[in-house]
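Residue numbers (the working numbering), protein chains in the order written: chain A, 27 to 275; chain B, 194 to 478.
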């Protein structure tokens with residue numbers, strides 16, 4: 027009774043009918059990150075290990091990682107945490123937020139179609155956007171709105187909009203970071219984080235701790251009968267500003 | 194195996210394989226699992242309610258409930274299955290309240306809409322009594338609600354008449370002799386929508402009910418919470434496995450274990466009441 031027939035399940039890491047809470051990390055690897063790229067990878071590895079310690083969350087969430095500079099690439103396709111292998115990262119190039127937004131949209135649309143095709147129930151994606159600099163593309167907010175915005179009153183826009191959590195540090199402008207928190211409506215609003223600490227190692231560890239805790243709490247919210255993104259909370263001792271999405275849209 | 198002696202359907206997942214049973218509660222609470230079995234001239238009945246992996250993991254009680262009663266005069270069998278809303282801590286009490294009272298209301302009215310309306314009003318009054326004098330935060334801590342699905346099966350000249358009602362995400366499925374599953378009064382998820390997990394539960398101002406009637410002329414009827422409905426609805430593999438297990442009434446302890454089958458990502462409480470038509474019963478005369 028434990029056998030899985032090949033014609034019904036082709037991927038033993040996933041079962042049709044399973045619920046999936048997708049988490050995507052979009053990580054800035056532009057040239058300004060060159061001194062921190064090793065720390066970034068270590069922090070991501072530690073975050074995955076922390077999630078793996080909880081078998082319930084490992085069963086419920088999937089993680090994907092997208093890196094961006096002037097272009098964007100999916101370096102870890104959406105998969106269970108136990109299958110995440112953070113690759114070596116390299117920093118170079120400029121900073122195009124729009125390229126990252128487009129790559130996430132492409133990746134999630136494809137992941138969602140694939141998972142739903144396997145009969146899975148896909149919950150709203152949660153996106154953590156880590157950047158240390160200002161966007162080189164001035165129209166990034168227009169791009170963001172065109173790809174993700176949804177009007178709950180009229181029902182127009184992207185109904186599958188992501189829960190978007192921007193983390194800015196070093197030279198990331200506050201107004202830019204604040205404007206990316208989404209949604210700005212509903213019970214669980216998007217939340218932004220901003221740190222001016224000079225200790226990038228600590229910032230990255232604190233950020234990945236927030237991401238890991240959000241994945242854990244959200245995965246465990248299944249027990250409440252309605253799985254949902256649990257609003258990210260700042261890590262203990264984290265020297266950071268944070269707030270909820272405003273009414274910019 | 195799916196963990197702790199239950200079978201798996203497909204990949205059981207780490208939670209089923211690795212989680213322990215959990216510590217006993219600090220105070221007496223609802224049992225982790227409940228089994229019942231019954232026979233009538235027309236039906237063979239198996240019922241099981243199993244505490245979900247996540248409730249074990251978080252030290253929370255099982256919030257599903259069921260009842261099975263038979264009216265000796267008419268021979269009507271009434272089955273009620275409730276799924277307590279997990280976001281409210283005392284929802285197991287709402288589920289127990291409804292499975293306890295709804296059968297008598299149905300048998301006195303023979304009308305599910307009226308019967309659910311009556312139990313909804315009683316539950317609302319009970320919740321109000323519990324909440325009297327509490328602050329809004331305290332009320333949340335003492336909150337309770339439940340979804341409900343119920344059937345009444347009455348033998349008659351035309352076969353076994355089934356009257357069905359459900360408030361939300363608990364459902365009933367018919368398994369035909371040809372191992373085909375079909376849902377009673379189902380509604381499809383909107384194309385392109387993300388899953389929300391939202392429910393319309395009792396008590397509520399105006400219950401939104403789905404009602405239907407049918408004749409059971411063989412096979413079996415399963416009344417269940419979404420802990421089993423979810424994987425059954427979403428997976429051909431689960432439908433095939435459960436059809437094989439439940440093509441005939443299994444021994445009750447096997448049935449309980451099967452209701453608790455392991456499958457990755459399915460961690461909710463599980464409750465199923467199965468009603469098998471006895472050979473020679475149910476067919477049109």
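The beta carbon of each residue, even a glycine, is placed where N, CA and C say it ideally should be.
C-beta neighbour in chain B for residue i, strict 8 Å
| i | result |
| --- | --- |
| residue 140(A) | no |
| residue 212(A) | no |
| residue 236(A) | no |
| residue 257(A) | no |
| residue 72(A) | no |
| residue 147(A) | yes |
| residue 82(A) | yes |
| residue 89(A) | no |
| residue 86(A) | yes |
| residue 239(A) | no |
| residue 44(A) | yes |
Delimiting residues of the alpha helix (DSSP H) encompassing residue i
| i | result |
| --- | --- |
| residue 64(A) | 63-78 |
| residue 108(A) | Looking at the DSSP string, residue 108(A) is not in any alpha helix (DSSP H), and its letter there is neither H nor E. |
| residue 173(A) | 166-174 |
| residue 123(A) | 123-143 |
| residue 415(B) | Residue 415(B) -> not in any alpha helix (DSSP H); beta strand (DSSP E) instead, spanning 413-417. |
| residue 250(B) | 246-251 |
| residue 226(B) | Looking at the DSSP string, residue 226(B) is not in any alpha helix (DSSP H); the run it does join, the beta strand (DSSP E), is 226-232. |
| residue 81(A) | 81-86 |
| residue 208(A) | Segment: none, residue 208(A) is in no alpha helix (DSSP H) and carries neither H nor E. |
| residue 180(A) | Note, residue 180(A): premise wrong, no alpha helix (DSSP H); not H, not E. |
| residue 221(A) | Per DSSP, residue 221(A) belongs to no alpha helix (DSSP H); it is in the beta strand (DSSP E), 217-221. |
| residue 284(B) | 284-302 |
| residue 331(B) | 329-334 |
| residue 447(B) | 445-452 |
First and last residue of the uninterrupted beta strand (DSSP E) at residue i
| i | result |
| --- | --- |
| residue 353(B) | 352-359 |
| residue 311(B) | That residue, residue 311(B), is in no beta strand (DSSP E); its alpha helix (DSSP H) goes 305-324. |
| residue 155(A) | 152-157 |
| residue 436(B) | Element bounds for residue 436(B): not the beta strand (DSSP E) but the alpha helix (DSSP H), 429-438. |
| residue 48(A) | 45-54 |
| residue 60(A) | Careful: residue 60(A) lies outside any beta strand (DSSP E) and carries neither H nor E. |
| residue 263(B) | 257-263 |
| residue 242(B) | 236-243 |
Cutoff 8 Å: residue i Cβ touching any chain A Cβ
| i | result |
| --- | --- |
| residue 463(B) | no |
| residue 480(B) | Here chain B comprises residues numbered 194 to 478, so residue 480(B) is not present and cannot be evaluated. |
| residue 458(B) | yes |
| residue 247(B) | yes |
| residue 207(B) | yes |
| residue 428(B) | yes |
Beta-carbon contacts of residue i that lie in its chain and below 7 Å, excluding the five residues immediately before and after
| i | result |
| --- | --- |
| residue 393(B) | 360, 361, 401 |
| residue 296(B) | 260, 262, 271, 273 |
| residue 317(B) | 396 |
| residue 177(A) | 183 |
| residue 229(B) | 240, 261 |
Outcome for residue i when other beta-carbon atoms lying within 10 angstroms are tallied against a minimum of 16
| i | result |
| --- | --- |
| residue 408(B) | exposed |
| residue 134(A) | buried |
| residue 398(B) | exposed |
| residue 351(B) | exposed |
| residue 225(A) | exposed |
| residue 404(B) | exposed |
| residue 79(A) | exposed |
| residue 107(A) | buried |
| residue 457(B) | buried |
| residue 406(B) | exposed |
| residue 343(B) | buried |
| residue 373(B) | exposed |
| residue 446(B) | exposed |
| residue 432(B) | buried |
Minimum Cβ-Cβ distance from residue i to chain D less than 8 Å
| i | result |
| --- | --- |
| residue 211(B) | Structure shown: chain D not included; protein chains present are A and B. |
Residues of its chain near residue i, where Cβ-Cβ distance is below 6 Å and the 5 sequence neighbours each way are ignored
| i | result |
| --- | --- |
| residue 280(A) | Because residue 280(A) is not part of the residues shown, which for chain A are 27 to 275, the question remains open. |
| residue 138(A) | 148 |
| residue 451(B) | 438 |
| residue 332(B) | 324 |
| residue 346(B) | 270, 353, 355 |
| residue 469(B) | 237, 413, 442 |
8 Å CB neighbourhood of residue i in its chain, flanking five on each side removed
| i | result |
| --- | --- |
| residue 245(B) | 255, 420, 460, 461, 462, 463 |
| residue 223(A) | 195, 229, 265, 266 |
| residue 293(B) | 260 |
| residue 197(A) | 58, 158, 159, 160 |
heavy atom of the ligand COA below 7 Å from residue i C-beta
| i | result |
| --- | --- |
| residue 201(B) | Judged by which ligands are present, the structure shown has none, so any question about the ligand COA falls away. |
Below 8 Å, how does it come out for the stretch 201-213 of chain A and the stretch 229-238 of chain A: are there three or more Cβ pairs, yes or no? no
Can we say the stretch 91-101 of chain A touches the stretch 117-127 of chain A, given the rule of at least three CB pairs closer than 8 Å? yes
At least 3 beta-carbon pairs within less than 8 Å: the stretch 362-376 of chain B vs the stretch 304-319 of chain B: no
Touching by the beta-carbon criterion (3+ pairs, under 8 Å), the stretch 199-210 of chain B and the stretch 425-445 of chain B: yes
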